[in-house]
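Protein chains in written order, with the working numbering: chain A, 392 to 652; chain B, 151 to 390. A short worksheet on the structure shown next.
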């Protein structure tokens with residue numbers, strides 16, 4: 392297999408300097424005589440540079456970002472809705488919301504993805520990205536709802552009373568008084584949830600959605616390098632979660648300006 | 151202005167209010183005193199329906215506000231409330247705390263509301279704090295802001311729920327001064343307090359509550375100098 396790969400490499404137009412470097416050490420590689428740094432170059436060349444394979448990772452990352460972004464929106468919307476339902480004081484709504492949260496939190500996410508993919512959308516031709524968004528969004532919504540609910544409950548009752556005593560309606564009080572404060576409390580946990588979401592979309596590799604993990608896996612199936620493709624994927628995950636952590640940290644500091652601690 | 155008929159409030163099996171009948175006249179200053187757990191605060195909170203009475207009726211200018219269809223928010227626009235814990239909104243600065251309700255209700259434009267807020271802030275001597283956040287202020291300053299916030303919508307009645315109980319002693323005076331000036335301006339006021347000096351000086355009528363009923367009521371002179379009920383005498387002996 393390796394020789395087949397090496398052989399095919401010679402047939403590709405040796406256009407870039409990376410290809411030239413590789414060709415220069417190819418004979419040594421066949422003989423198993425590469426030194427440490429040459430071995431590292433070989434790994435990078437085969438798993439990233441050769442045949443524009445880096446594009447596979449980037450495309451995978453694009454899909455991961457796409458699914459995560461829309462799933463986060465779905466999750467946020469669902470979470471808000473479900474949190475409101477649970478706090479509404481209307482028994483049937485509370486029941487429905489409770490059952491939803493119970494099922495999502497009480498079963499493995501992989502199982503949920505499989506059921507949605509094969510069970511619900513099994514006989515419908517639909518973009519896997521959409522399935523991914525629905526599955527991850529539904530899952531995230533349950534956790535987000537709990538985060539928002541506890542955020543709202545953490546706001547002192549006196550705040551609601553003050554709002555109502557000023558003649559604000561229940562909804563106005565929630566929106567203008569309670570919610571901004573709840574969000575500030577809930578933000579670190581929400582941030583965590585979004586980071587978790589980015590990582591958990593990797594489960595969609597199971598339904599053959601070529602997101603970042605699947606992309607790495609695809610390269611592995613080509614090169615039989617056990618480490619490098621996954622490490623490349625891992626680094627890209629770290630970049631995404633790192634940037635998100637930074638951004639949300641900034642937002643959190645801005646929201647905290649009223650505290651003047 | 152406010153008429154209360156046979157007001158009862160139960161929390162589960164606990165009977166907090168056991169039939170209260172009151173009539174509060176325009177511009178009257180009613181001070182409610184009594185031991186803790188006597189139902190003073192609950193009574194006050196029933197007046198703007200922060201607590202829903204279990205039974206009984208409350209009328210505000212002839213309209214029954216305890217009726218199921220009564221517009222509570224409308225009522226609360228005319229009845230300001232000041233809380234023991236101030237309950238300023240920590241995420242908004244002083245100006246936004248004051249103007250939130252008038253602007254949300256579209257009673258005033260933003261400019262008009264801010265102008266009125268500055269007038270009121272000037273009156274309580276806190277104009278320079280307009281852009282401060284509540285946590286930057288002392289308790290006394292916060293409570294004065296809370297009074298301004300409650301006044302921002304041209305109120306007809308002001309309810310005070312132990313407004314000085316959470317304050318350090320040296321700050322009680324500044325809040326009471328604001329309340330006294332409000333009283334002099336002719337505001338109708340219902341005040342639950344432990345400040346007997348204030349009750350004596352400002353009150354037109356003092357209610358002594360115990361066990362969920364108004365045990366004794368009268369002018370400050372009658373209540374403080376010639377209390378008829380044994381319970382009232384015992385209570386005043388402890389607090390005076």
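Think of the CB as a built atom: it goes at the ideal place given N, C-alpha and C, for glycine as much as any other residue. None of these values were measured; they are calculated from a predicted model.
DSSP state of residue i mapped onto helix, strand, coil
| i | result |
| --- | --- |
| residue 409(A) | helix |
| residue 379(B) | coil |
| residue 646(A) | helix |
| residue 400(B) | Coverage of chain B is limited to positions 151 through 390, which leaves residue 400(B) absent and any answer about it impossible. |
| residue 401(A) | Interpretation of residue 401(A) is limited by its pLDDT of 49, a score under 50 that renders its predicted location unreliable; the figure taken from the coordinates is listed afterwards. Helix at residue 401(A). |
| residue 367(B) | strand |
| residue 205(B) | strand |
| residue 185(B) | coil |
| residue 265(B) | helix |
| residue 640(A) | helix |
| residue 170(B) | strand |
| residue 161(B) | strand |
| residue 179(B) | strand |
| residue 358(B) | strand |
| residue 214(B) | strand |
| residue 222(B) | helix |
| residue 513(A) | coil |
| residue 259(B) | coil |
| residue 308(B) | strand |
| residue 393(A) | Confidence in residue 393(A) is poor, its pLDDT being 48 and thus under 50, which makes the residue's placement unreliable; the coordinate value appears in the next sentence. Three-state DSSP puts residue 393(A) in a helix. |
| residue 275(B) | coil |
| residue 375(A) | This structure leaves residue 375(A) out entirely; chain A is present only between 392 and 652. |
| residue 652(A) | Residue placement at residue 652(A) cannot be trusted, given a pLDDT of 40 that sits under 50; what the coordinates show is reported in the next sentence. The answer is coil: DSSP assigns residue 652(A) none of H, G, I, E or B. |
| residue 156(B) | strand |
| residue 631(A) | helix |
| residue 338(B) | strand |
| residue 230(B) | strand |
Listed by chain order, chain A residues near residue i by CB distance under 7 Å
| i | result |
| --- | --- |
| residue 227(B) | 558 |
| residue 304(B) | Ordered by position in chain A, no residue passes the 7 Å Cβ test against residue 304(B), which lies about 12 Å from the chain. |
Proximal chain A residues relative to residue i, where beta-carbon distance stays under 9 Å
| i | result |
| --- | --- |
| residue 233(B) | 549, 552, 553 and 556 |
| residue 335(B) | Within chain A, no residue comes near residue 335(B); the closest Cβ sits about 20 Å away, beyond 9 Å. |
Contacts that residue i makes with chain A (C-beta to C-beta distance below 8 Å)
| i | result |
| --- | --- |
| residue 198(B) | 556 |
| residue 384(B) | Per Cβ cutoff of 8 Å: no residues; residue 384(B) is ~32 Å from chain A at best. |
Supposed contact pair residue j and residue i - C-beta distance, whole angstroms, cut 8 Å
| i | j | result |
| --- | --- | --- |
| residue 295(B) | residue 244(B) | 5 Å |
| residue 310(B) | residue 341(B) | 4 Å |
| residue 152(B) | residue 359(B) | In fact, because the Cβ distance is near 16 Å, the residues do not count as touching under 8 Å. |
| residue 357(B) | residue 363(B) | Contact doesn't hold; Cβ gap of about 10 Å is too wide. |
| residue 601(A) | residue 470(A) | In fact, because the Cβ distance is near 28 Å, the residues do not count as touching under 8 Å. |
| residue 190(B) | residue 352(B) | About 17 Å separates the two Cβ atoms, so there is no contact after all. |
| residue 317(B) | residue 275(B) | No, residue 317(B) and residue 275(B) are not in contact; Cβ-Cβ is about 16 Å, not under 8 Å. |
| residue 331(B) | residue 247(B) | Wrong, their Cβ atoms sit about 20 Å apart, outside the cutoff. |
| residue 447(A) | residue 606(A) | 5 Å |
| residue 524(A) | residue 468(A) | In fact, because the Cβ distance is near 12 Å, the residues do not count as touching under 8 Å. |
| residue 203(B) | residue 242(B) | Not quite, the Cβ-Cβ distance comes to about 32 Å (not below 8 Å), so this is no contact. |
| residue 184(B) | residue 348(B) | With a Cβ gap of about 15 Å, residue 184(B) and residue 348(B) do not count as contacting. |
Within chain B, the residues that residue i reaches when beta carbons sit closer than 7 Å
| i | result |
| --- | --- |
| residue 567(A) | 250 and 254 |
| residue 563(A) | 254 |
Among the options, nearest to residue i - alpha-carbon criterion
| i | options | result |
| --- | --- | --- |
| residue 575(A) | 642(A), 606(A) and 512(A) | 642(A) |
| residue 319(B) | 330(B), 344(B), 306(B) and 335(B) | 344(B) |
| residue 508(A) | 498(A), 522(A), 516(A) and 495(A) | 522(A) |
| residue 501(A) | 530(A), 488(A), 514(A) and 554(A) | 530(A) |
| residue 210(B) | 190(B), 174(B) and 203(B) | 174(B) |
| residue 619(A) | 432(A), 425(A), 420(A) and 423(A) | 432(A) |
| residue 547(A) | 290(B), 219(B) and 236(B) | 236(B) |
| residue 267(B) | 249(B), 258(B), 255(B) and 254(B) | 249(B) |
| residue 526(A) | 570(A), 466(A) and 474(A) | 466(A) |
| residue 493(A) | 479(A), 534(A), 455(A) and 510(A) | 534(A) |
| residue 453(A) | 630(A), 506(A) and 513(A) | 630(A) |
| residue 459(A) | 645(A), 628(A) and 438(A) | 628(A) |
| residue 334(B) | 229(B), 194(B), 312(B) and 354(B) | 354(B) |
| residue 221(B) | 234(B), 198(B), 240(B) and 233(B) | 198(B) |
| residue 337(B) | 361(B), 346(B), 304(B) and 277(B) | 304(B) |
Proximal chain B residues relative to residue i, where beta-carbon distance stays under 9 Å
| i | result |
| --- | --- |
| residue 679(A) | Beyond the ends of chain A as shown, which are 392 and 652, falls residue 679(A); an answer cannot be given. |
Closer than 8 Å: residue i CB and nearest the ligand GDP heavy atom
| i | result |
| --- | --- |
| residue 471(A) | What this structure holds is no ligand at all, so the ligand GDP is not there to describe. |
Residue-level contact to chain E via CB, residue i, 9 Å cutoff
| i | result |
| --- | --- |
| residue 265(B) | Note that chain E does not occur in the displayed structure, where the protein chains are A and B. |
Original post:
Three or more beta-carbon pairs under 8 Å between the stretch 163-173 of chain B and the stretch 281-293 of chain B, yes or no?
Top reply: no
**OP:** Give a yes or no on contact between the stretch 593-607 of chain A and the stretch 411-429 of chain A, applying the rule of three or more CB pairs nearer than 8 Å.
**Re:** no
Subject >> Stretch-stretch touch, CB-based, cutoff 8 Å, three pairs: the stretch 566-581 of chain A with the stretch 533-548 of chain A >> reply: yes
Subject >> Three or more C-beta pairs below 8 Å linking the stretch 266-274 of chain B and the stretch 206-214 of chain B >> reply: no
**OP:** Evaluate contact between the stretch 623-639 of chain A and the stretch 582-590 of chain A, counting only Cβ atoms and requiring at least three cross-stretch pairs below 8 Å.
**Re:** yes
**OP:** State whether the stretch 487-502 of chain A contacts the stretch 418-431 of chain A, with contact taken as three or more CB pairs (one from each stretch) at a distance under 8 Å.
**Re:** no
Original post:
Is the stretch 557-570 of chain A touching the stretch 216-232 of chain B, taking contact as three or more C-beta pairs under 8 Å?
Top reply: yes
Subject >> At least three beta-carbon pairs within less than 8 Å, the stretch 319-339 of chain B to the stretch 366-380 of chain B >> reply: no
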